[in-house]
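Using the working numbering, read the sequence shown as starting at 18 and increasing by one per residue. Think of the CB as a built atom: it goes at the ideal place given N, C-alpha and C, for glycine as much as any other residue. Bear in mind the structure is a predicted one, so any value in this text is a computation, not a measurement.
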Amino acid sequence: MRICRSLVSAPVFAILLLAAALPSGAGVNRWTSIGPDTGIVRTVAAAPSLPTTLYSFVGLNKVYSSTDRGNTWTLAGTVEEEGFQGISDIAVDPRSPRRVYALGFWQVFRSDDGGAGWRPVLPELGPETRPQSLVLHPRIPGLLYVLLTNGDLLRSANGGRRWTRSSTPSVAGLLEVDPSSPSVLYYASFLGELYKSVNGGLTWFPSRRGLEQGLSFEALEVDPSSPRTLYLIPASPLPDRKIFISRNSGATWTAIRSDLDGGRVRELTLETGRRPVFYLVLDDDRLLKSVDEGRTWSETAAPPLSIADLLPAPYGLLAGTPTGVYRSADQGASWSLSSRGIRALSVESLAIDPVLPFLYAQGHGVLFKSPDGGARWNLLPLSSGLLGPVATSPTRRGQVLVGAFSSVLRSTNGGRRWAEGEELACAAPVSLAVNPVHESVIYLGIDFFEVPCGQSCRTFKSVDAGATWACIGNGIPGGGGSVVVADPRRPGILYVAPGQGEGIWRSEDDGASWSPLTRAFDPITIAVSPADPRFLYAGTTTGVAYSEDGGRSWGLDNEGLPTGWVYSLAADPVDGRTVYAASSEHGVFKSTDGGRTWSSLGPGLEGLTVTALLIDPRDPKTLYVGTMEGGVFALTQP
């Protein structure tokens, strides 16, 4: 019986051992999404008939839905548009929570199945005309208005099946509907005129009694709980500007003194109730609140980075931001991330600590850290504007570096505190490498974000962990290269790709002098085998070039590897002949014969562009990839 029990338990025990070795969420021979739960949320909308149902547009064209007040989200579908530049607004039908409208760059789209499928609804507009705003009536199903860039107004009473066209008094302005009437509209032109229509926009008449001359308006809002009350905020560079209120549907206006400063208003939102609460999002990303109809304003806490959209709901405020959806249950005093399930980060760079289970992902100008291999993620306390890449030291745990505009930031405690190094004019960091023995010796490759700018060097070295930099690109055409790689075993051996047909250059004296290695191709990325530095690999626009003699000769056979751009390579730390390649839109491929033949590595990345590739140094069978608007994925090979 004892032998029998052992035999029965052995497979189970092996499975338990394998599961214990896997990073959190990693699939065996299958790519599995591990986060982070984030993405650029451009707009958020709630279903009027079912406020617990929410929709958000993330990135360029991803539609996410939530049925639990935004606690969890599910990818519903995508919007496809020729010449697509992103969805800027969404609205939900007042009676059907699964009917959603989306404002694209050239079209308005409609979904009748909760965002899974979309179809265009606008008629032909002409080559120079496009929609600039979308307004749904909050109580009448199927009644929608679309303001066009030429000043025309489209009206549909049946959800976009048929349209009537009329004109507005000016080319650009703010359009609002009266929630108590199917045909009353208000239009505030940016030139300082206010108009009202009582026939659905067919004709307009001025409504400015009590308004001052020479104003331009930045915000117009109709009180949903009291539709005869309107609010107008004019533009002003000065503090203590006036706010205008009408309590008779725009017939007359009253000016009230406000302590609102001169910041430009990006969005005005009303939270209805016995005492309505006003929220203003300003162009400098401040969030202001007023409880006395705009007379006095107080600055309240705001989510990280800027607010793209602000939505009042019965259960609190929701904010769409570049790092996900945030929710406040205390009128903006505090915020919590509410983006579980939104996996839409465009990852530009990945790095992993050699000792601690810290995984870093940089994308969208921010840096995320997972303290446990992908189970949880935290947004690190850095301002937006990171330019990548991110790198860790192979010899010092907790050290992490990340590129920013014109500088490099360094932390020695896993990202809790940061120091900024010397500013480099016009520097857009492209690559970072750390000396395999001395953690304070760092190499940086840059591009220029301004030309001319007085900067001629593209490859730098620091001996004080990025505090100061010295050019080591002398002798290389073009002042060095933006791709710089350090040999992972031999200190002082460096490789640089200058571009412009100059191939790969090598230094054997830590950048003091350089010599050309090959001009047969221009690499996008370079990898040196940690197991055997004779094996070199270079990603190109057509595949992977490989050398097994230190770069004296190269091959480019690539049997089994799709022709295309290879953005990222990872060389196995145990076997010099094993290498992995991220082949743009074709996924990840593996070669075990030094790059001659390749096979696809695992499903799970279909429809995604792979942008970064990383091997776990503690477990070389585990790989991580970063994707375009898909976040981070992990795979473990048995």
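Residue(s) in a DSSP beta bridge with residue i
i, result
"C488", "F477"
"A119", "I107, F126"
"V194", "L202"
"Q379", "S366, L384"
"E316", "L305"
"L139", "Beta-bridge pairing links L139 to no other residue."
"W522", "V513, P533"
"D464", "A445"
"L297", "L285, L305"
"T89", "R357"
"L211", "A205"
"N216", "Per DSSP, none; premise fails for N216."
"E437", "L426"
"A544", "Y554"
"V45", "T653"
Integer-rounded CB distance, given that residue j should sit under 8 Å from residue i
i, j, result
"P446", "L404", "5 Å"
"G279", "P254", "5 Å"
"F385", "L367", "Going by Cβ atoms, the distance from F385 to L367 rounds to 10 Å, so no, they are not a contact pair."
"P494", "Q517", "7 Å"
"L228", "F207", "About 14 Å separates the two Cβ atoms, so there is no contact after all."
"V364", "A629", "5 Å"
"D195", "P244", "5 Å"
"N78", "T95", "5 Å"
"Y204", "P223", "About 10 Å separates the two Cβ atoms, so there is no contact after all."
"D526", "G498", "Actually they are not in contact, since the Cβ atoms of D526 and G498 sit about 17 Å apart, beyond 8 Å."
"V138", "R127", "5 Å"
"S66", "R116", "About 10 Å; that fails the 8 Å criterion."
"N46", "L652", "7 Å"
Where the beta strand (DSSP E) containing residue i begins and where it ends
i, result
"T181", "181 to 184"
"S424", "424 to 428"
"P329", "326 to 330"
"Q149", "148 to 153"
"T644", "639 to 644"
"D169", "169 to 173"
"T338", "333 to 338"
"P446", "444 to 451"
"E288", "282 to 288"
"G52", "49 to 52"
"L77", "That residue, L77, is in no beta strand (DSSP E); it is neither H nor E in DSSP."
"L403", "403 to 409"
"F234", "234 to 239"
"S266", "Taken as a continuous stretch (DSSP letters only), S266 belongs to no beta strand (DSSP E), as it is neither H nor E."
"G345", "Looking at the sequence shown, residue 345 is not Gly but Ser. That run of the beta strand (DSSP E) goes 341 to 345."
"S564", "561 to 564"
"L164", "161 to 165"
"V649", "648 to 653"
"T60", "58 to 64"
"L418", "417 to 421"
"A503", "500 to 503"
"I273", "271 to 274"
"P251", "247 to 251"
Identity of the residue in the options nearest residue i by Cα
i, options, result
"A537", "V513, A562, S530", "A562"
"L304", "S617, A336, T146, S184", "A336"
"R434", "L192, Q416, V75", "Q416"
"S600", "T558, D636, R569, R613", "T558"
"P339", "G643, L622, T60, P505", "T60"
"T409", "P505, A350, G498, S423", "P505"
"G496", "I510, V502, R475, G168", "R475"
"I273", "Y296, T289, Y248", "Y248"
"S184", "G177, S214, A63", "S214"
"T535", "P550, E519, I541", "E519"
"A444", "Q124, E467, S355", "E467"
"A361", "A43, N46, S50", "S50"
"L161", "T146, P547, S198", "S198"
"N265", "T271, K259, T246", "T246"
"L327", "G231, R312, E288", "E288"
"P634", "P114, D592, E210, G44", "D592"
"I463", "P453, N452, F477", "F477"
"D566", "V308, D300, W314, L553", "L553"
"H154", "N175, G143, P144", "N175"
"G168", "S83, L142, W394, E602", "L142"
"Y332", "Y343, L322, S564, I324", "Y343"
Any chain C beta carbon closer than 8 Å to residue i
i, result
"F650", "No chain C is present in this structure, which holds just one protein chain."
Quiz item: At what residue ranges does the stretch 587 to 634 contain a whole run of the beta strand (DSSP E), taking only runs of 3 or more?
Solution: You should have 596 to 599, 605 to 608, 627 to 632.
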